[in-house]
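Worksheet: one structure, shown below.
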Amino acid sequence: MKPDTMKSSSSNGNGAPRVRIRNILVPVDCSDCSLAGLQYAIEFAKKVAARLIVLHVVDLGPQLMTEGCGVYHLSPYKEAAGRVSKPQMRAFLRRVNFGSVPFETSAIAGFCPDGICRAAEEQRIDLIIMSTHGRTGLKHVLIGSVAERVLRHAPCAVLVVPSHAPVRAVDVTKRRAFKAPRPAGTLTAA
Numbered sequence: 133m134k135p136d137t138m139k140s141s142s143s144n145g146n147g148a149p150r151v152r153i154r155n156i157l158v159p160v161d162c163s164d165c166s167l168a169g170l171q172y173a174i175e176f177a178k179k180v181a182a183r184l185i186v187l188h189v190v191d192l193g194p195q196l197m198t199e200g201c202g203v204y205h206l207s208p209y210k211e212a213a214g215r216v217s218k219p220q221m222r223a224f225l226r227r228v229n230f231g232s233v234p235f236e237t238s239a240i241a242g243f244c245p246d247g248i249c250r251a252a253e254e255q256r257i258d259l260i261i262m263s264t265h266g267r268t269g270l271k272h273v274l275i276g277s278v279a280e281r282v283l284r285h286a287p288c289a290v291l292v293v294p295s296h297a298p299v300r301a302v303d304v305t306k307r308r309a310f311k312a313p314r315p316a317g318t319l320t321a322a
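In our numbering, the protein residues as written are 133 to 322.
Here is the structure:
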């Protein structure tokens, strides 16, 4: 907890201090999944009277450097990515009604999880609210999870919002209804 941004105003009766959330970072990739996360963050911010910082990280992936053989100068790529991302971000934000919630936007280029965590630290963020694409299995292993990496390295609390709640609810119901066949020769209680 950062004492200068998350002030304890009183306790909640059981001795635990109440935490004041003032700045919420909402990473978006301009997809419908991140739109769901942003809409959740807007409602959350209304309830706690916080401001939002909507961040778009143009993912350049992990930048690998080789020793002596090929050092890459990435500034032109970052600048080009930034130029492309700004109109994309403006179009995305036109779909959103912030109401009375104060917000600002930011677009940077880099490796997504690192960019999100760095922005959270630099802007003294109290909470990150982000959605997840919900990849599982092999897709999760191969593509990875930005949300998972942010959870591991963020300098503040992180709230991950499932972006496909109706689809996930159906999946959970199917899993609960599925009864695995018993192996042959197992005994059951009568």
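Ideal Cβ placement from N, Cα and C applies to all residues, glycine included.
DSSP beta-bridge partners of L184: What you label residue 184 is simply residue 52 of the sequence shown in a count that begins at 1. Within the DSSP secondary-structure output, L184 pairs in a beta bridge with I156, F235.
Next item on the list: Determine the direct distance from the alpha carbon of A252 to that of P287, and round the result to whole angstroms.
Entry: Position 155 of the sequence shown holds residue 287. Position 120 of the sequence shown holds residue 252. Taking C-alpha positions only, P287 is separated from A252 by approximately 7 Å.
Notebook entry, point to check: Which residue from Q255, I248, G231, T237 puts its Cα closest to that of K179?
Noted result: Counting from one through the sequence shown, the residue named residue 179 turns up at place 47. Checking every option, the nearest Cα to that of K179 belongs to G231.
- Span of the alpha helix (DSSP H), counted from its first residue to its last, around I248: Translated into the one-based positions of the sequence shown, residue 248 becomes position 116. Where I248 is concerned, the enclosing alpha helix (DSSP H) stretches over 244-254.
| message | On the criterion of 16 or more Cβ atoms from any shown chain inside 10 Å, does A279 qualify as buried, or is it exposed? | response | Start at 1 with the first residue of the sequence shown, and residue 279 comes out as number 147. The residue in question, A279, is buried, as its Cβ has 16 or more Cβ neighbours within 10 Å.
Exercise. Thinking just about the alpha-carbon of each residue, which of Q171, V189, R227 is nearest to the one in V216?
Worked result: Taking the sequence shown and counting its residues from 1, one reaches residue 216 at position 84. Per the Cα distances, V189.
**Item:** Which of helix, strand or coil DSSP assigns to P287
**Value:** Residue mapping note: residue 287 aligns to position 155 of the sequence shown, counting from 1. Here P287 sits in coil by DSSP.
Q. Among S166, V290, N155, which one has its Cα closest to the Cα of R227?
A. Along the sequence shown, one-based indexing puts residue 227 at 95. Nearest C-alpha to R227: S166.
When you compare only the Cα positions, how much space is there between E199 and E175? Against the sequence shown, residue 199 aligns to sequence position 67. Against the sequence shown, residue 175 aligns to sequence position 43. Its pLDDT being 49, under 50, E199 is placed unreliably in this model, and the coordinates cannot settle the point.
Element boundaries [beta strand (DSSP E), containing I260]: Taking the sequence shown and counting its residues from 1, one reaches residue 260 at position 128. Counting along the chain, the beta strand (DSSP E) containing I260 begins and ends at 259-264.
My guess is that I153 and A173 are in contact by the Cβ rule of under 8 Å, so how many angstroms apart are they, rounded? Translated into the one-based positions of the sequence shown, residue 153 becomes position 21. Translated into the one-based positions of the sequence shown, residue 173 becomes position 41. Not a contact, Cβ separation roughly 11 Å.
Review point. Less than 8 Å separating the beta-carbons of V158 and I185?
Key: What you label residue 158 is simply residue 26 of the sequence shown in a count that begins at 1. What you label residue 185 is simply residue 53 of the sequence shown in a count that begins at 1. Cβ atoms of V158 and I185: closer than 8 Å.
- Item | D164 - DSSP class collapsed to helix/strand/coil | As a first step, residue 164 is located in the sequence shown; it is residue number 32 there, counting from the start. D164: helix per DSSP, three-state reduction.
Between P245 and R281, which are expected to be in contact by the criterion C-beta below 8 Å, what is the C-beta distance as a whole number of angstroms?
Position 113 of the sequence shown, counting from 1, holds the residue named residue 245. Position 149 of the sequence shown, counting from 1, holds the residue named residue 281. Rounded, the Cβ-Cβ distance is 4 Å, consistent with contact.
Cutting at 7 Å between CB atoms, please list the residues of its own chain near Q220, excluding the five before and the five after it. In the sequence shown, residue 220 corresponds to position 88, counting from 1. C162, listed in sequence order.
Check V216 in the structure and name its three-state DSSP category.
-> Here residue 216 refers to the residue found at position 84 of the sequence shown. Reduced to three states, the DSSP call for V216 is helix.
- request: List the whole-angstrom C-beta distance separating I260 from V293, where the pair is believed to meet the contact cut-off of C-beta under 8 Å.
  value: As a position in the sequence shown, residue 260 is number 128, starting the count at 1. As a position in the sequence shown, residue 293 is number 161, starting the count at 1. The pair is not a contact, with the Cβ atoms about 11 Å apart (cut-off 8 Å).
Quick check on DSSP: helix, strand or coil for R222?
Translated into the one-based positions of the sequence shown, residue 222 becomes position 90. Note: R222 maps to helix in three-state DSSP.
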